[in-house]
Amino acid sequence: MAVLLTEAERAADLPALGETGWAAVEGRDAIRKIWTFRSFSEAWGFMSRAALQAEKLNHHPEWRNVYNVVDVTLTTHDCDGLTALDLALARRMDKISGDAEVARDHGEPVACLCQIHARR
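If you read the sequence shown in my numbering, its first letter stands for residue 401, the second for the next number, and so on.
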């Protein structure tokens, strides 16, 4: 079973993900990113590559696709929060997303998740 990120892991890893466009989901211990691709085909290709990475990790995103937009939320459901699996999948998704545009105004700064573990 996955283990929630420690405060030290959050402080070390979340700021870098925030710089790439990942944001905190209000009211949840989760991160979210929204990509806009040039076409539906590019969005679908990204989702197919991301699905293969998710399968390799045995960790699957919450996601939504409308035409060329892919909206992804990552959290580990069996422990109700962020784990190393979420960080690994986020990094892999970032690597395969190519030059897609990233929405940066869809959530809270990830820095707020650095303290969420302390409140549990």
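All C-beta atoms in this analysis are idealised placements derived from N, C-alpha and C, irrespective of residue type, glycine included.
Worksheet entry | For A503, the residue or residues it bridges with in DSSP | I434
Discussion item. Please state the DSSP three-state secondary structure of G427.
Written reply: coil
Discussion item. Under DSSP, the beta strand (DSSP E) around D413 begins and ends at which residues?
Written reply: Segment 407-419 is the alpha helix (DSSP H) holding D413; no beta strand (DSSP E) there.
Worksheet item: Could you give the C-beta distance for A484 and L405, rounded to a whole number, given that I count them as a contact under 8 Å?
Response: 7 Å
Discussion item. Using 8 Å as the threshold, is the C-beta distance between P429 and L482 below it?
Written reply: Residue identity differs from the one stated: residue 429 is Asp in this sequence, not Pro. Yes, the pair counts as a contact, with Cβ atoms nearer than the cut-off.
Discussion item. Using a 10 Å radius around the Cβ and a threshold of 16 neighbouring Cβ atoms, would you call M401 buried or exposed?
Written reply: exposed
Fill in: Exposed unless 16 or more other CB atoms sit within 10 angstroms - verdict on A452
It is worth fixing the name first, because residue 452 is Leu in this sequence and not Ala. By the 10 Å Cβ count, L452 comes out exposed.
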